[in-house]
Every structure is written in C-alpha cells, then in structure tokens.
Amino acid sequence: MRLLPAGDRALLMELGSLTEVLALFRQVALHPLDGVSEVVPAARTVLVRFDPSVVPASRVQAWLQSLGQQAEMSVRSSAQRPVATMPCVEIPVHYIGEDLDEVAQMLQVSRRELIERHVGTAYQAAFAGFAPGFVYLSGGDPLLQGVTRRAVPRTRVPASSVAIAGGFSAVYPSESPGGWRLLGVTPLKMWDLVRQPPALVQPGSCVRFRDLAARHAHVSLPVTPGAAVRDGVASVDPQPAPTPGMTSRESVNPAAWFEVLSPGAQTLVQDLGRPGMAALGVSASGALDRAASAKANRLVGNSASAAVLECAWGGLSLVCHGSAVVAVTGAPVSVVVATASGMRLPAAAGNQLQMRDGQVLRLGRPRAGMRCYVAVLGGWDVPPVLGSRATDVLASIGPAPLVRGDRLPVGELGGTALLHPARRPELSSGSLAPGEQAAGVRPEWAAPSPGSALVLRVLLGPRNAWFDSASVRRLEEQLWIVTPQSNRVGLRLSGEQPLVRAHVGELPSEGMVAGALQVPPSGQPVLFLADHPLTGGYPVVAVVLDEDLDLLAQASPGMQLRFKIV
Numbered sequence: 003m004r005l006l007p008a009g010d011r012a013l014l015m016e017l018g019s020l021t022e023v024l025a026l027f028r029q030v031a032l033h034p035l036d037g038v039s040e041v042v043p044a045a046r047t048v049l050v051r052f053d054p055s056v057v058p059a060s061r062v063q064a065w066l067q068s069l070g071q072q073a074e075m076s077v078r079s080s081a082q083r084p085v086a087t088m089p090c091v092e093i094p095v096h097y098i099g100e101d102l103d104e105v106a107q108m109l110q111v112s113r114r115e116l117i118e119r120h121v122g123t124a125y126q127a128a129f130a131g132f133a134p135g136f137v138y139l140s141g142g143d144p145l146l147q148g149v150t151r152r153a154v155p156r157t158r159v160p161a162s163s164v165a166i167a168g169g170f171s172a173v174y175p176s177e178s179p180g181g182w183r184l185l186g187v188t189p190l191k192m193w194d195l196v197r198q199p200p201a202l203v204q205p206g207s208c209v210r211f212r213d214l215a216a217r218h219a220h221v222s223l224p225v226t227p228g229a230a231v232r233d234g235v236a237s238v239d240p241q242p243a244p245t246p247g248m249t250s251r252e253s254v255n256p257a258a259w260f261e262v263l264s265p266g267a268q269t270l271v272q273d274l275g276r277p278g279m280a281a282l283g284v285s286a287s288g289a290l291d292r293a294a295s296a297k298a299n300r301l302v303g304n305s306a307s308a309a310v311l312e313c314a315w316g317g318l319s320l321v322c323h324g325s326a327v328v329a330v331t332g333a334p335v336s337v338v339v340a341t342a343s344g345m346r347l348p349a350a351a352g353n354q355l356q357m358r359d360g361q362v363l364r365l366g367r368p369r370a371g372m373r374c375y376v377a378v379l380g381g382w383d384v385p386p387v388l389g390s391r392a393t394d395v396l397a398s399i400g401p402a403p404l405v406r407g408d409r410l411p412v413g414e415l416g417g418t419a420l421l422h423p424a425r426r427p428e429l430s431s432g433s434l435a436p437g438e439q440a441a442g443v444r445p446e447w448a449a450p451s452p453g454s455a456l457v458l459r460v461l462l463g464p465r466n467a468w469f470d471s472a473s474v475r476r477l478e479e480q481l482w483i484v485t486p487q488s489n490r491v492g493l494r495l496s497g498e499q500p501l502v503r504a505h506v507g508e509l510p511s512e513g514m515v516a517g518a519l520q521v522p523p524s525g526q527p528v529l530f531l532a533d534h535p536l537t538g539g540y541p542v543v544a545v546v547l548d549e550d551l552d553l554l555a556q557a558s559p560g561m562q563l564r565f566k567i568v
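Taking this note's numbering, the leading residue of the sequence shown gets 3, the next gets one more, and so forth.
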C-alpha cells in the first residue's frame, strides 16, 4: 500500500490488485469516517476526497492504512472461497469502430480475429467511473490487455461506442471526450434516468459482447423505451433521453416566472452540485465559480445551495412575469433592466435588483473573464435530478441548456417577496446561514493585468514521478495558453514545450479530482473542471488547490496561465 496526495482535499491509495481495491472499498463502506465525502475505486487505487475543515489529512491517512490492512486480511481469507455467479448482461455490437483496423494491426491479427477475441470471453463489471453508466469491464482475452489509449484523446466520442484500453473494455454511455480505442457501437442505452436502476450494467455483473454481424447471431435484448426490432436486429436511439428538469413550455407558477428571450452563447442552471454519487459514476458538477454563485444567492437572501443561472459570454435576456428580486455576479458585465416600453432603469452587477411584470433583464458581454451568475429570490424552481439542479455537460444530467422560449419558474418566496418585504430581513444583512460558510469563502476573481498571466497554486502529485525533472520545472516556469477546445469538463492547455514522461507504460485508470492536471502522451495538459470524469488513465502531474478552482471559471480561450508549485 502507498498513499499519494491528489490535491489538498484528496488522497490516492495504491494497492496491489483490483481484488484488494474492491476489498478496501467494502471496508470503507463498513467503517465510514466523518468528513470523507467521496470514495472512488479504480483499477489499482482508491481515491478518497475529504473536507479538511472536518477531518485532517493525517486522520484520513491513518484510517485508510488501518482499513487497508483489514482489506488485505479479507483477501487472503477469501482466496479459497468459491466465486459467486452474477447475472450476465449481453451487449450486442456493430463492429464498425474507427480504431478497429488500427487495433488489429497493433495486435498483428485480422479484423475478424480481433472481433472473435473480444466476444469470445466473459467480462466482470469492476467499478463505475468516467461518466454515469461507464463501467470498467475487467477480464477478456489476454491479447487485448496490451491495447493502449490514444496519444491524443478525441474531443468527441459518440454515445454507445464500444471501446478498449488499459486492460479494460467499456461502453461510452453518452457523447464525451475520450482516449479509448473504438471497436464498435451498441444499440443499447447504458444510462437512462427513466430506467431503474439507470445503469444497464452494475458493478459485479457478468458481461458478454455479441457480434450483430455474425451468422445466426441471436441476441436477447432488454426492453428499453424507444427500441425497435427490424430483421432481428435491435435499433435504439443511442442518444440519452431528455433529462427531466427543464421547464420549457411547461406550466409555471403565475406568481413569478421568467421567459428566456435570448440564452446567449450558453446558459445553464447550476447549484452546489451532487457530491457523494461516485458509486453511480456521477461527478459532483455544480457552479464553476462557487464564490460568485454563493454571492449572488446571498445578495437576494437565498441559501447558498439555491439554483442559479450560469451564463457564459453574456448575452442572456429574460423577461419577468410577476415580481421578483434578482442579482448578477461573476465576470464584470453590463446589466440592463428595461421596462416593457424600452425605458432603461438603474441597474448594475453586484446589487439587488427588483423587477416587476414585463421588465427585461439583459446581460452584455463580459469585459473580462467569461461567466456570470444570476440568482433570483426563491431560487430557480426547476425539478432536481439525482438531488441537484446542476447541469453536468459530460454526463448529460440535469436541466438542458436554456433556449429561447424556455420558462423558468421562481420558488414560492420569490413570487411574494415584494409584497411582503418584512419577511426577508436577511436581504440587507448579506450573512450566510449556518453551515454555508464553506461555499462563500473563496476569493473573488480579478482579471489579470494586460500582458500578465493568471497564477494558480498547485500541489505536485499524485503522478509527478512519471515525468522527468525538467518537465516538472517546466510546468512552473513556462506559460500555458487556454485553447478553444475547453469547456466545463476541462481546459485544454498548450505550452511551447510539452511535458515529457520519465516513466514509459500505461497507467491503470484511477480516480480524478477537479483541478487535476492530467497529461496525455502529447505532453499538453488537460486541467479538469467541475464536470470532469470520475476516473482517467493519463497521469496527473499536479492538482490546483481547492481555493483557486473558482478562478478557472473565468479562464477564457487565449488566457495565459502560470502554475506555482506549493
């Protein structure tokens, strides 16, 4: 066992095998520790996220070491027990993947033999990760164990793609970035919120792939919404069903609601996210700039957990129906409140704005940075998904991005606030409710001066030893540019000189955290943000400190970043 730092709020424990990992995961479930918010098992590691204000890192370390010893004893004592048989899930595949021929050449086999080896043995669903419904399947033909990831991950992998890499097989449940080798596509939906449970494959299940092009192939498909069978072949729309939670053209509370006149480049509903759902393969997500989100809610008198609108690049325009109180924070932006006749009223970001029926709220383009936050007294009352109103763009969970014509209801308090101002004395205090301090203590973002870079503090590890000493120095010494291929999943960075590995080989998939600087073989890092995958297979050289994560919400393409190792 070995413990490695994964930023200032997580530890990564290495173990000898997947069997030991699963044994430790069971011990953690039996002996929880206050302050530990998430546990992410992977191929050879267990990632533990914790709140240092509740439990110190030294206590988490001692707890993990003790449970690790118990897990080792458990593995030894169970070595002679028979393995319980689990239900087997059949996954039909059209073997038409982009990497099929390349993988066959890599393994020096024919395309036909590659397919036969992939379908020839059963797999075990080991653990969930990367995205909801993405389950790592261990086992399979030994020849396929040596297939490595792509040197440069794709920015877009289609939903339902069947892929292999790093000794595992898996199916991408939704469209996402990814570096695995694509063999084919399945007509099944791996993740569907209208199904219980949403994941088609559960950890511990047996899985077999079936070739739909094979002669006399007979595959028994589970009944799923939208499925159709033609000539014995199932056809299912591989895109995930629309997630409940958006309020487009639905009935709303007539007391107070807003209609979207223009959503701008991208406006999403966000809150503090859904932590603690790693077992489902769901990351925390939530507002990128937690301090700006909390401040907007504070200005109108909400709890810090109330839903806000996260608007990228401005351009948002909303018309108020009824009476409401709103506030705008985040990147510096011009704010206009206009009457139905077009007359402009005094308005500015960072202030409480009272809006009446027919008035329009408009946001200009940010003068610096890129994300603004709009809160309304009572909160944006969209239905929660898995306990949160946050939109996770990688997992396609939560309300869809706003479009023109959407109707956003306001929580009950917002519809009556102006009629009963005495009910909300907290509006002038700006204080946080008990337990909310952690959401509002981060420093507010300030644009770097012209010609300078945004400085971010990082803690080396957990895989800095995978890079030569010159590259570790280069991480801190050279400037990194945010590229246009960046989003809420992560910032793709470009440096004049790439980071060079000292360790040659494939890293087994392991847990990831927000702020992780993951480095693919190209040597150009990806800096993970709130919607990052739960697991990944490229080494992480360093992790941005939690206090500095909010700053990344405003890191627009072309901005220069500099890392300071602490």
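The C-beta atom is built at its ideal place from N, Cα and C for all residues, glycine as well.
If you draw a straight line from the Cα of Gln204 to the Cα of Cys90, it comes to about 10 Å. In this structure, the CA atom of Gly400 is about 21 Å from the CA atom of Thr537.
When the Cα atoms are used, Ser496 and Ala329 turn out to be separated by approximately 36 Å. Taking C-alpha positions only, Val56 is separated from Leu35 by approximately 10 Å.
The alpha helix (DSSP H) runs of length 4 or more contained entirely in the stretch 454-504 are, from start to end of the chain, 471-479. Bounds of the beta strand (DSSP E) holding Trp259 are 258-265.
Under the Cβ criterion (8 Å, minimum of three pairs), the stretch 355-362 does not count as touching the stretch 136-150.
The three-state reading of DSSP puts Gly70 in helix, counting H, G and I together. Beta-bridge pairing by DSSP links Gln198 to no other residue.
The stretch 298-316 makes contact with the stretch 261-277: 3 or more CB pairs, one atom from each, lie closer than 8 Å. Ranking Pro411, Leu379, Ser398 by CA distance to the CA of Pro385 puts Pro411 first. Per DSSP, reduced to three states, the secondary structure at Phe136 is coil, with no helix or strand assignment. Note on geometry: alpha-carbon atoms of Gly453 and Gly560 lie some 12 Å from one another.
In the DSSP assignment, Leu301 falls outside any beta strand (DSSP E) and lies within the alpha helix (DSSP H) extending over 292-302. CA-to-CA, the gap between Thr341 and Arg61 works out to about 58 Å. Scanning the stretch 303-330 from its first residue to its last, the whole beta strand (DSSP E) runs of 3-plus residues come out as 310-314, 318-324.
Look at Leu270 here: in three-state DSSP terms it is strand.
Within the stretch 335-382, no alpha helix (DSSP H) run of at least 4 residues lies entirely inside it. From the listed residues Ala280, Trp382, Arg367, Thr393, the smallest Cα separation to Ser558 is found for Arg367. Taking a 10 Å sphere around the C-beta of Thr157, we find fewer than 16 other C-beta atoms and assign the residue as exposed. With contacts defined by Cβ atoms closer than 8 Å, Val338 and Ala349 form a contacting pair.
Around the beta carbon of Ala153, fewer than 16 other beta carbons lie within 10 angstroms, which makes this residue exposed. At the C-beta level, Val149 and Ile166 come within 8 Å of one another. By the neighbour-count criterion, in which 16 or more other beta carbons inside 10 Å mark a residue as buried, Asp103 falls on the exposed side.
For Val23 against Arg46, the beta-carbon gap comes to about 6 Å, under 8 Å, which counts as contact. DSSP places Glu92 in the strand class (E or B) of the three-state scheme. In this structure Gly122 touches Asp143 by the C-beta definition: roughly 6 Å separates them, less than 8 Å. The residue among Glu479, Pro541, Pro535 with its C-alpha nearest the C-alpha of Val506 is Pro541. Rounded to whole angstroms, the gap between the alpha carbons of Met15 and Ser264 is 47 Å. DSSP lists Tyr138 as the beta-bridge partner residues of Phe129. Arg346 and Gln354 have their C-alpha atoms some 16 Å from each other. In this structure, Val545 lies near Gly517, with their beta-carbon atoms less than 8 Å apart. The beta-carbon separation of Ile567 and Leu481, rounded to 15 Å, does not stay under the 8 Å limit for a contact. Rounded to the nearest angstrom, the gap between the Cα atoms of Arg490 and Ser79 is 45 Å.
With contact defined as three or more Cβ pairs closer than 8 Å, the stretch 462-476 and the stretch 309-319 are not in contact. The residue among Ser19, Gly513, Val502, Val321 with its C-alpha nearest the C-alpha of Leu477 is Val502.
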